[in-house]
Amino acid sequence: MDLIKTWYSKWDHIPWKHISSPKEQWQVLPTFLIGEYLFIFLAALALIHAIRQDRRHVFVWFASFLAGSSNDIFFMYLPLVDNFWQAQATIMLTPRLPLYICCVYCTFMYFATVSAWRLGLPTLAEACLSGLMGIMIYMPYDIIGIKFLWWTWHDTDPPISYRMLGVPVGSTLWVITFTGTFSFLIRTVYLNWRRSEAVAMVAVCLLSTPLMMVQMALLQLISWDRQGVPTLSSLMVGVGLYLVAIARQSPRRSLLKHPCGPFIRAAPDFSINLALCCYYAALFCIMFFGRPEDHVSDGIHQTYGPCRVEQKDFSGQVRHRYVCERDMDEDWDFSCPAAKGELPADYSDWYVVCGRAHRNRPLWVAALAFYALLGSFTYSRILRFGKRRSYSTSPTGSRLHGE
Numbered sequence: 035m036d037l038i039k040t041w042y043s044k045w046d047h048i049p050w051k052h053i054s055s056p057k058e059q060w061q062v063l064p065t066f067l068i069g070e071y072l073f074i075f076l077a078a079l080a081l082i083h084a085i086r087q088d089r090r091h092v093f094v095w096f097a098s099f100l101a102g103s104s105n106d107i108f109f110m111y112l113p114l115v116d117n118f119w120q121a122q123a124t125i126m127l128t129p130r131l132p133l134y135i136c137c138v139y140c141t142f143m144y145f146a147t148v149s150a151w152r153l154g155l156p157t158l159a160e161a162c163l164s165g166l167m168g169i170m171i172y173m174p175y176d177i178i179g180i181k182f183l184w185w186t187w188h189d190t191d192p193p194i195s196y197r198m199l200g201v202p203v204g205s206t207l208w209v210i211t212f213t214g215t216f217s218f219l220i221r222t223v224y225l226n227w228r229r230s231e232a233v234a235m236v237a238v239c240l241l242s243t244p245l246m247m248v249q250m251a252l253l254q255l256i257s258w259d260r261q262g263v264p265t266l267s268s269l270m271v272g273v274g275l276y277l278v279a280i281a282r283q284s285p286r287r288s289l290l291k292h293p294c295g296p297f298i299r300a301a302p303d304f305s306i307n308l309a310l311c312c313y314y315a316a317l318f319c320i321m322f323f324g325r326p327e328d329h330v331s332d333g334i335h336q337t338y339g340p341c342r343v344e345q346k347d348f349s350g351q352v353r354h355r356y357v358c359e360r361d362m363d364e365d366w367d368f369s370c371p372a373a374k375g376e377l378p379a380d381y382s383d384w385y386v387v388c389g390r391a392h393r394n395r396p397l398w399v400a401a402l403a404f405y406a407l408l409g410s411f412t413y414s415r416i417l418r419f420g421k422r423r424s425y426s427t428s429p430t431g432s433r434l435h436g437e
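Residue 394 in our numbering sits at position 360 of the sequence shown; the count goes up by one each step and never skips.
Here it is in structure tokens:
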């Protein structure tokens with residue numbers, strides 16, 4: 035108990051709360067309130083789905099919760115990284131970690147991993163498919179979250195400096211490689227190796243982040259990007275290599291050879307499909323009807339202070355220690371009534387930021403619609419597969435392994 039008190043005592047200078055009123059949250063961050071409980075609901079649905087399947091699915095759910103949360107905490111509290119700040123949700127585990135973030139990991143990592151199982155792919159191809167399917171879930175959330183102040187990014191950190199629709203290319207590449215690594219470890223350490231669940235869980239949680247970092251470093255090396263500064267080139271190389279791996283190994287797929295083959299039900303998995311269709315529809319409605327200029331985030335952000343005070347980040351790249359109003363290039367400002375027309379005090383890390391109206395709403399809506407349609411189509415197609423659609427790799431090309 036003393037250790038817990040010591041841990042929380044360092045936050046005594048800020049007015050954070052473990053539990054906040056949903057009614058009050060609706061007044062300042064309405065779409066965030068919807069998003070928070072949407073992901074909690076999806077994580078609960080994923081757990082119910084896992085329990086209805088078998089213990090392998092349950093293992094993946096808990097592994098995604100623990101490995102994902104560990105990854106978030108690692109980069110959040112590593113001083114030389116520390117380049118993102120979550121908005122204050124109605125349920126906060128710490129001032130920096132809302133409960134719903136753990137549920138986000140359960141959603142995109144669990145659904146991507148167990149859905150990819152249904153194709154009976156070899157290990158590497160399955161991991162690559164999981165990575166690409168993970169970003170299909172995460173990308174709409176990433177686009178909406180930054181626009182509607184669900185979190186804020188460091189203003190000048192090089193690893194997140196290249197952005198599309200406000201989303202750092204590095205964030206997109208991270209989701210692909212992290213989900214792919216997680217799926218690869220689930221398959222090799224847990225399903226193939228068949229060690230105890232406790233050993234496998236520890237291995238997955240400890241190795242997912244380091245192996246993801248190795249992947250990202252190699253992709254930046256191949257694409258001739260500076261180490262620690264992923265650009266569109268790194269992303270294109272990563273997606274391209276993942277697609278090549280899937281294409282090369284797809285002819286060898288067989289559910290009979292997959293360690294989960296005997297436990298994959300022949301019927302299409304409509305429950306995951308329905309859950310994701312509702313998810314995409316909810317995020318599309320948020321983007322279409324939401325007004326970012328009505329959103330106000332009162333919480334922890336990059337420390338405000340003097341302009342152009344330099345420091346080096348984790349990869350040795352130079353960034354500015356503080357954000358300042360004169361130099362910042364973010365999609366928020368201090369102009370709303372909640373900010374009282376005042377700039378934050380120097381060296382403060384808890385202050386009010388105000389959302390900005392869309393400069394090109396059709397572009398944001400079109401991007402959201404594209405990813406929603408891509409994800410819905412991909413998952414609906416893959417979730418149709420089961421034992422009755424597992425094809426042979428025998429010379430005669432015989433089919434219907436499951437029958």
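Where a beta carbon is used, it is the ideal one built from N, C-alpha and C, also for glycine.
Check the C-beta distance from residue i over to residue j and give it rounded, since I have them as a contact under 8 angstroms.
| i | j | result |
| --- | --- | --- |
| Ile-298 | Arg-152 | 6 angstroms |
| Asn-394 | Ser-242 | Wrong, their Cβ atoms sit about 36 angstroms apart, outside the cutoff. |
| Ser-149 | Leu-417 | 6 angstroms |
| Leu-314 | Ser-230 | One point to set straight first is that residue 314 is Tyr, not Leu, in the sequence displayed. Going by Cβ atoms, the distance from Tyr-314 to Ser-230 rounds to 38 angstroms, so no, they are not a contact pair. |
| Cys-239 | Ala-101 | 5 angstroms |
| Ala-309 | Leu-76 | 6 angstroms |
| Tyr-175 | Val-138 | 7 angstroms |
| Asp-116 | Val-357 | Incorrect: roughly 13 angstroms between the Cβ atoms, too far for contact. |
For residue i, is the classification buried or exposed, using 16 other Cβ atoms within 10 angstroms of its Cβ as the cut-off for buried?
| i | result |
| --- | --- |
| His-52 | exposed |
| Lys-181 | buried |
| Leu-207 | buried |
| Leu-343 | Per the sequence shown, the amino acid found at residue 343 is Val instead of Leu. Val-343 comes out exposed. |
| Ser-55 | exposed |
| Cys-319 | exposed |
| Tyr-144 | buried |
| His-47 | exposed |
| Gly-375 | exposed |
| Arg-433 | Note that Arg-433 scores a pLDDT of 32, beneath 50, so its modelled location is shaky; the value from the coordinates is reported in the next line. That one is exposed. |
What does the alpha-carbon distance come out to for the pair residue i and residue j?
| i | j | result |
| --- | --- | --- |
| Arg-90 | Ala-80 | 13 angstroms |
| Thr-427 | Phe-118 | Its pLDDT being 37, under 50, Thr-427 is placed unreliably in this model, and the coordinates cannot settle the point. |
| Pro-326 | Ile-178 | 10 angstroms |
| Gln-59 | Phe-368 | 19 angstroms |
| Gly-350 | Gln-261 | 9 angstroms |
| Cys-140 | Leu-277 | 24 angstroms |
| Gln-87 | Cys-294 | 11 angstroms |
| Ser-195 | Lys-291 | 44 angstroms |
| Ala-234 | Phe-99 | 14 angstroms |
| Pro-49 | Glu-160 | 45 angstroms |
| Ala-121 | Ser-288 | 44 angstroms |
| Trp-95 | Trp-185 | 25 angstroms |
| Cys-136 | Pro-129 | 14 angstroms |
| Val-201 | Thr-147 | 24 angstroms |
| Met-246 | Phe-212 | 5 angstroms |
| Trp-187 | Ser-205 | 11 angstroms |
| Ile-85 | Val-399 | 36 angstroms |
If you follow the alpha helix (DSSP H) that residue i is part of, which residue opens it and which one closes it?
| i | result |
| --- | --- |
| Trp-95 | 89-111 |
| Val-352 | Here Val-352 belongs to no alpha helix (DSSP H); instead the beta strand (DSSP E) covers 352-354. |
| Thr-213 | 203-219 |
| Met-167 | 157-181 |
| Cys-239 | 231-256 |
Tell me whether the beta-carbon of residue i lies closer than 8 angstroms to the beta-carbon of residue j.
| i | j | result |
| --- | --- | --- |
| Asp-380 | Pro-340 | yes |
| Pro-193 | Asp-347 | yes |
| Leu-155 | Leu-166 | no |
| Thr-124 | Thr-222 | no |
| Ile-210 | Gly-168 | yes |
| Ser-331 | Leu-131 | no |
| Leu-252 | Ala-237 | no |
| Tyr-134 | Phe-73 | yes |
| His-335 | Tyr-385 | yes |
At which residues does the beta strand (DSSP E) containing residue i begin and terminate?
| i | result |
| --- | --- |
| Trp-187 | 185-187 |
Against chain D, with Cβ distances strictly below 8 angstroms, would residue i count as a contact?
| i | result |
| --- | --- |
| Ala-251 | The structure shown contains no chain D; it is built from a single protein chain. |
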